[in-house]
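Peer 1: The structure that follows is given in the form of structure tokens.
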Amino acid sequence: MSYENIEVRVEAEKVGIVTLNRPKALNALNDALMTELGQALKAFDADPAIGCIILTGSERAFAAGADIAAMAKYSFQDVYKGEYITRNWETIRQIRKPVIAAVSGFALGGGCELAMMCDFIIAADNAKFGQPEIKIGVIPGAGGTQRLPRAVGKSKAMDMALTARMMDATEAERAGLVSRIVPYEKLAEEALGAALTIASFSQIAVMAAKESVNRAFEGGLSDGVMFERRLFHALFATADQKEGMDAFLTKRTPDFKNE
Ligand code: CO8
């Protein structure tokens, strides 16, 4: 299958690699990209030769978030009905083979959330993680308010969600968000090494290990994510969402009215 927003290849006949590829928008995640990503992940999951999957971006950005240009015009009705944005973000959770996020550069908003949906994160030394949605009048909408506290604790998660500050790779590793840091030049090699190790094991045991570790984190998560999703939808009814996203797109400081 050919894709427009991602690149897909296989290494050593057993590792599937998906590279996000919208460089002009720092890999902003629009509906088309998320649909293609879901298709590619499902195809690798169904391929018996593939033992592990790597999801990566460019040197500058893993992904700078959901596509603000696409989202800016949406109404509450649009997003609540699920025709846009939220429709195809759950596919990655259905993948039973391990998915490693190899993150370089920005992993912000939905990009940070996408990395956290993977099974673990290997970061390049230039990686930056953040949940800056508050700056554009919304909140994380793909599990960020639920997975980030589980990964780094409440205090750091609150700090990131409320101040929009970014965490560099060193802090992210110290806090437990990422499993390893390597120089950018070594990122692909390190991720491939880990993926080949995993692919060398029993796929059934690997799937069981993944399923079992995930059990430790799933308690109450679905309710939390649904709660977050409804709030995310509701924010599209506010003037501040329109103002925040328009200000970003027209490169000016937003004037929030708290309405
Ligand atoms: N959406 C659309 N376009 C983007 C995005 C984005 N998220 N991020 C960057 N771009 C575009 C810029 O508009 C710019 O385009 P152009 O060249 O046409 O002006 C290009 O990428 C390069 O960006 P910058 O010029 O801004 O590059 P800088 O190096 O100056 O800054 C930053 C890089 C800091 C990453 C900056 O681009 C930025 O702050 N981006 C926005 C980050 C952000 O707010 N992300 C959160 C978005 S909201 C979200 O993700 C909600 C997720 C909910 C998912 C719900 C699913 C269920």
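Per numbering that gives the first Met the number 0: the sequence shown ends with 258, consecutive numbering throughout.
For glycine and all other residues, C-beta sits at the position ideal for the given N, C-alpha and C.
1) Is Asn26 closer than 7 Å to Gly56 when the C-beta atoms are compared?
2) Quick check: what's the CA-CA separation for Phe128 versus Lys256?
3) Going by other Cβ atoms of all chains shown within 10 Å of its Cβ, with 16 needed for buried, is Thr249 buried or exposed?
4) Can you tell me which of the three DSSP states Leu25 falls into?
5) List the residues that DSSP assigns as beta-bridge partners of Leu234.
6) Within the same chain, show all residues whose beta-carbon is closer than 7 Å to that of Leu230, passing over the 5 residues directly before and after it, in chain order.
7) Give me the residue from Lys96, Asp66, Ile16 with the minimum Cα distance to Lys209.
8) Excluding five sequence neighbours on each side, which residues of the same chain lie with their C-beta closer than 6 Å to the C-beta of Gly247?
9) Taking C-alpha atoms, which residue in Glu35, Ile52, Phe75, Ile120 lies nearest to Val14?
10) For a test of your reading of the model: does the CB of Gly64 fall under 6 Å from any non-hydrogen atom of the ligand CO8? Yes or no.
11) At what residues does the beta strand (DSSP E) containing Glu6 begin and finish?
12) Hey, how far is the Cα of Gly110 from the Cα of Glu6?
13) How would you write the range of the beta strand (DSSP E) that Phe43 sits in, first residue to last?
14) Judging by CA-CA distance, which residue of Lys23, Pro22, Ile94 is the nearest neighbour of Val213?
15) With a floor of 4 residues, list each alpha helix (DSSP H) that falls wholly inside the stretch 177-239, ordered by position along the chain.
16) Would you kindly work out how many angstroms separate the C-alpha atoms of Ile84 and Lys23, rounded to a whole number?
17) Judging by CA-CA distance, which residue of Leu147, Ile203, Ala233, Ala101 is the nearest neighbour of Gly192?
18) Look at the alpha carbon of Ala261 and the alpha carbon of Phe235, and state the distance between them as a whole number of angstroms.
19) Runs of 4 residues minimum, wholly inside the stretch 87-159: which ones carry the alpha helix (DSSP H) assignment?
20) Counting along the chain, where does the beta strand (DSSP E) carrying Thr169 start and finish?
21) So Val17 packs on His232, CB below 8 Å; how close in whole Å?
22) Would you say the beta carbon of Ile67 comes nearer than 6 Å to a heavy atom of the ligand CO8?
Peer 2: Let me spell this out:
1) Counting from one through the sequence shown, the residue named residue 56 turns up at place 57. Counting from one through the sequence shown, the residue named residue 26 turns up at place 27. In contact: Gly56 and Asn26 (Cβ atoms closer than 7 Å).
2) Taking the first residue of the sequence shown as 1, we reach residue 128 at position 129. Taking the first residue of the sequence shown as 1, we reach residue 256 at position 257. Cα to Cα, Phe128 sits roughly 28 Å from Lys256.
3) Counting from 1 along the sequence shown, the entry for residue 249 is found at position 250. Thr249 should be labelled exposed.
4) Indexing the sequence shown from 1 puts residue 25 at position 26. In the structure shown, Leu25 sits in coil (DSSP, three-state: anything other than H, G, I, E or B).
5) Working through the sequence shown from its first residue, we reach residue 234 at position 235. Paired residues: none, contrary to the question.
6) Counting from one through the sequence shown, the residue named residue 230 turns up at place 231. Excluding positions up to five away in sequence, the list reads Ile138.
7) The sequence position of residue 209 within the sequence shown is 210, counting from 1. Lys209 has its Cα closest to that of Lys96, out of Lys96, Asp66, Ile16.
8) On the sequence shown, position 248 is the one that residue 247 refers to. Checking the sequence shown, residue 247 turns out to be Phe, not Gly. So the list reads Ile67, Ile135, once near-sequence residues are dropped.
9) On the sequence shown, position 15 is the one that residue 14 refers to. Nearest of Glu35, Ile52, Phe75, Ile120 to Val14, Cα basis: Ile52.
10) Within the sequence shown, residue 64 is the residue found at index 65, counting from 1. Yes.
11) Taking the sequence shown and counting its residues from 1, one reaches residue 6 at position 7. Where Glu6 is concerned, the enclosing beta strand (DSSP E) stretches over 5-10.
12) On the sequence shown, position 111 is the one that residue 110 refers to. On the sequence shown, position 7 is the one that residue 6 refers to. The alpha-carbon of Gly110 is positioned some 17 Å away from that of Glu6.
13) The count along the sequence shown starts at 1 and reaches residue 43 at position 44. Element bounds for Phe43: not the beta strand (DSSP E) but the alpha helix (DSSP H), 30-45.
14) Along the sequence shown, read from residue 1 onward, the residue named residue 213 stands at position 214. Note that residue 213 is Asn in the sequence shown, not Val. Cα-wise, what sits closest to Asn213 is Ile94.
15) Counting whole runs of 4 or more residues, the stretch 177-239 contains the alpha helix (DSSP H) stretches 186-198, 202-217, 220-233.
16) Reading the sequence shown from its first residue, position 85 is the one you call residue 84. Reading the sequence shown from its first residue, position 24 is the one you call residue 23. Approximately 20 Å, taken between the alpha carbons.
17) Counting from one through the sequence shown, the residue named residue 192 turns up at place 193. Gly192 has its Cα closest to that of Ala101, out of Leu147, Ile203, Ala233, Ala101.
18) This structure gives no information on residue 261, because the portion of the chain shown stretches from 0 to 258.
19) 109-116, 143-151
20) Counting from one through the sequence shown, the residue named residue 169 turns up at place 170. Per DSSP, Thr169 belongs to no beta strand (DSSP E); it is in the alpha helix (DSSP H), 168-174.
21) As a first step, residue 17 must be located in the sequence shown, where it is residue number 18. As a first step, residue 232 must be located in the sequence shown, where it is residue number 233. Rounded, the Cβ-Cβ distance is 28 Å, inconsistent with contact.
22) Start at 1 with the first residue of the sequence shown, and residue 67 comes out as number 68. Under cutoff, so the answer is yes.
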